[in-house]
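Peer 1: Let me begin by handing over the structure; questions about it come next.
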DNA sequence: CCAAATGGTTGTATCATGGAACCAATGGAG
DNA sequence: CTCCATTGGTTCCATGATACAACCATTTGG
């Protein structure tokens, strides 16, 4: 297979994967009821990182600050996060998961893992680490090439 | 790495990639100006398959028939497709690319390949094959587990 | 001390999507 | 042949994610 053809086939496969997993439907994550994809992603980020500012979250999720502002409002209304003010910079709002938020994140994580487990099962055991490493390289490259 | 942790890492990397690549912004495909992601995907499907019905396209894109109906309208207004009626089943509308649509599909395909090639450029040379292999494994797994 | 930069909010507009109700055509079962 | 369930599509409606621009508050550097 020629290099360019490889790239084309790869693109098509990524597209199929994205659509098959419902990632094109941002208002309903495939792995949880009533939770938008962005909410789920935000929850996952906040669960695996120390309390952060909205700007940091925006960079992490590749969203604008206005979208983040509203997303934060939603998470706050759900009582999944608390919003505080930074001591060192009173412009910054510090986002932290509440216990309820942590539970929700764990629940979503479980669902997602279940969903993904089938995927991983279909990958030979000795190749799984390679796949994960490769995806890390790929997402890094996507960020670098923007 | 523990198995469950592997699943989590896989998920996290996929999420990172999707967001970094802008796939969460459905109104603007990363590979073309003024073309929505779904439009681009529809064009790609129609370009690489014989004329099909709306239902078939819906299944291919994982969208509901109402969304497809509107999508078809858009593509028709752009003169990218022609919409005909099936001879054997007059309920079915048969979608075919116009020459202009084929050109648009080719153009988008080229852009997409360039974009993907740029991605690969941001990956160390000696790791590119690994990434490609890994993605092939992943999409293969996605098809197997669906 | 003031101007530029930074973090966030709000107003406005756009648009993709699903579900439900509906219509038209098909195809069996009797 | 006649109904009626099924299937392909359309339209109405509601939801909601997103960006951009204008704005405010705070910090920081000259």
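Protein chains in written order, with this note's numbering: chain A, 277 to 422; chain B, 277 to 422.
Glycine is no exception: its CB is placed at the ideal position from the N, C-alpha and C atoms.
Remember, predicted model here, so these are calculated numbers, not experimental data.
1) Using 10 angstroms around the beta-carbon of residue 331 of chain B, count the other beta-carbons present and answer buried if the total reaches 16, otherwise exposed.
2) Rounded to whole angstroms, how far is the Cβ of residue 372 of chain A from the Cβ of residue 358 of chain A, which I believe are closer than 8 Å?
3) Can you tell me whether residue 377 of chain A is buried or exposed, with buried defined as 16 or more other CB within 10 angstroms of its CB?
4) Please look up how many angstroms separate the CB atoms of residue 361 of chain B and residue 355 of chain B, rounded, as I've assumed it's under 8 Å.
5) The ligand MN and residue 396 of chain B: does any heavy atom of the ligand fall closer than 8 Å to the residue's C-beta?
6) If residue 290 of chain B and residue 337 of chain A are in contact, beta carbons under 8 Å, what's the gap, nearest whole angstrom?
7) Tell me, please, whether the CB atom of residue 338 of chain A is closer than 9 Å to any CB atom in chain B?
8) Identify whether residue 428 of chain B lies in helix, strand or coil by the three-state DSSP scheme.
9) May I ask you to report which of helix, strand or coil DSSP gives residue 299 of chain A?
10) When burial is assigned at 16 or more other CB atoms within 10 Å of the CB, is residue 315 of chain B buried or exposed?
11) What do you get for residue 282 of chain B, buried or exposed, if any count of 16 or more other CB atoms within 10 angstroms of its CB means buried?
12) State the beta-bridge partners of residue 230 of chain A as determined by DSSP.
13) Using the Cα positions of residue 324 of chain A and residue 286 of chain B, report the straight-line distance between them to the nearest angstrom.
14) Rounded to whole angstroms, how far is the Cβ of residue 318 of chain A from the Cβ of residue 351 of chain A, which I believe are closer than 8 Å?
15) Could you round the C-beta distance between residue 395 of chain B and residue 414 of chain A to whole angstroms and report it? I think they count as a contact, below 8 Å.
16) For the candidate residues B/400, B/300, B/320, B/382, whose alpha-carbon lies nearest to that of residue 340 of chain A?
17) On a Cα-Cα basis, can you pick out the residue from B/403, B/366, B/379 that is closest to residue 329 of chain B?
18) At a CB distance below 7 Å, what residues from the stretch 400-418 of chain A approach chain B? Give them in sequence order.
19) Find the nearest neighbour of residue 312 of chain A within the set A/326, A/381, A/293, judged by alpha-carbon distance.
20) Given a cut-off of 9 Å on the beta-carbon distance, is the pair residue 334 of chain B and residue 343 of chain B in contact?
21) Mind checking the stretch 314-328 of chain A against chain B and listing, in chain order, the residues whose C-beta falls within less than 8 Å of any C-beta there?
22) So residue 292 of chain B contacts chain A; which residues on that side make the cut at Cβ distance below 7 Å?
23) List, in order along the chain, the chain A residues whose C-beta lies closer than 7 Å to that of residue 376 of chain B?
Peer 2: This is what the structure holds:
1) Residue numbering aside, residue 331 of chain B sits at position 55 when the second chain is read from its first letter. The residue in question, residue 331 of chain B, is exposed, as its Cβ has fewer than 16 Cβ neighbours within 10 Å.
2) The residue labelled residue 372 of chain A in the question sits at position 96 within the first chain. The residue labelled residue 358 of chain A in the question sits at position 82 within the first chain. Yes, they are in contact, since the Cβ atoms of residue 372 of chain A and residue 358 of chain A sit about 5 Å apart, within 8 Å.
3) For this step, residue 377 of chain A is matched to residue 101 along the first chain. It is buried - the Cβ of residue 377 of chain A has at least 16 other Cβ atoms within 10 Å.
4) The residue given as residue 361 of chain B occupies position 85 in the second chain. The residue given as residue 355 of chain B occupies position 79 in the second chain. That belief does not hold up - the Cβ atoms of residue 361 of chain B and residue 355 of chain B are roughly 19 Å apart, past 8 Å.
5) Looking for the ligand MN in the displayed structure turns up nothing, as the structure carries no ligands at all.
6) Locating residue 290 of chain B in the second chain gives position 14, counting from the first residue. Locating residue 337 of chain A in the first chain gives position 61, counting from the first residue. With 8 Å as the limit, residue 290 of chain B and residue 337 of chain A do not qualify as a contact, their Cβ atoms being about 14 Å apart.
7) Position 62 of the first chain, counting from 1, holds the residue named residue 338 of chain A. It does: the Cβ of residue 338 of chain A has a partner Cβ on chain B nearer than 9 Å.
8) Nothing in the structure corresponds to residue 428 of chain B, since chain B is present only between 277 and 422.
9) Here residue 299 of chain A refers to the residue found at position 23 of the first chain. Coil at residue 299 of chain A, not helix or strand.
10) Your numbering for residue 315 of chain B matches position 39 in the second chain. Per the 10 Å Cβ criterion, buried.
11) For the purposes of this step, residue 282 of chain B is taken as the residue at position 6 of the second chain. Residue 282 of chain B is buried by the Cβ-count criterion.
12) In this structure chain A extends from 277 to 422, so residue 230 of chain A is not present and cannot be described.
13) Within the first chain, residue 324 of chain A is the residue found at index 48, counting from 1. Within the second chain, residue 286 of chain B is the residue found at index 10, counting from 1. Cα to Cα, the separation comes out at about 14 Å.
14) Within the first chain, residue 318 of chain A is the residue found at index 42, counting from 1. Within the first chain, residue 351 of chain A is the residue found at index 75, counting from 1. At roughly 6 Å, the Cβ-Cβ gap stays under 8 Å, so residue 318 of chain A and residue 351 of chain A are in contact.
15) On the second chain, residue 395 of chain B is found 119 positions in, with the first residue counted as 1. On the first chain, residue 414 of chain A is found 138 positions in, with the first residue counted as 1. Between residue 414 of chain A and residue 395 of chain B the Cβ distance is about 7 Å, and since that is below 8 Å, they are a contact.
16) As a first step, residue 340 of chain A is located in the first chain; it is residue number 64 there, counting from the start. The shortest Cα separation from residue 340 of chain A among B/400, B/300, B/320, B/382 belongs to B/300.
17) Translated into the one-based positions of the second chain, residue 329 of chain B becomes position 53. Of the candidates B/403, B/366, B/379, the one whose C-alpha sits nearest the C-alpha of residue 329 of chain B is B/366.
18) 403, 404, 405, 406, 407, 408, 410, 411, 412, 413, 414, 415, 417, 418
19) Translated into positions along the first chain, residue 312 of chain A becomes position 36. When each option's Cα is compared against that of residue 312 of chain A, the closest is A/381.
20) Within the second chain, numbered from 1, the residue matching residue 334 of chain B stands at position 58. Within the second chain, numbered from 1, the residue matching residue 343 of chain B stands at position 67. A contact, by the Cβ cut-off of 9 Å.
21) 314, 317, 320, 324
22) Translated into positions along the second chain, residue 292 of chain B becomes position 16. Within 7 Å Cβ-Cβ: 415.
23) Here residue 376 of chain B is taken as the residue at index 100 of the second chain, counted from 1. Within 7 Å Cβ-Cβ: nothing; residue 376 of chain B doesn't reach chain A, min ~21 Å.
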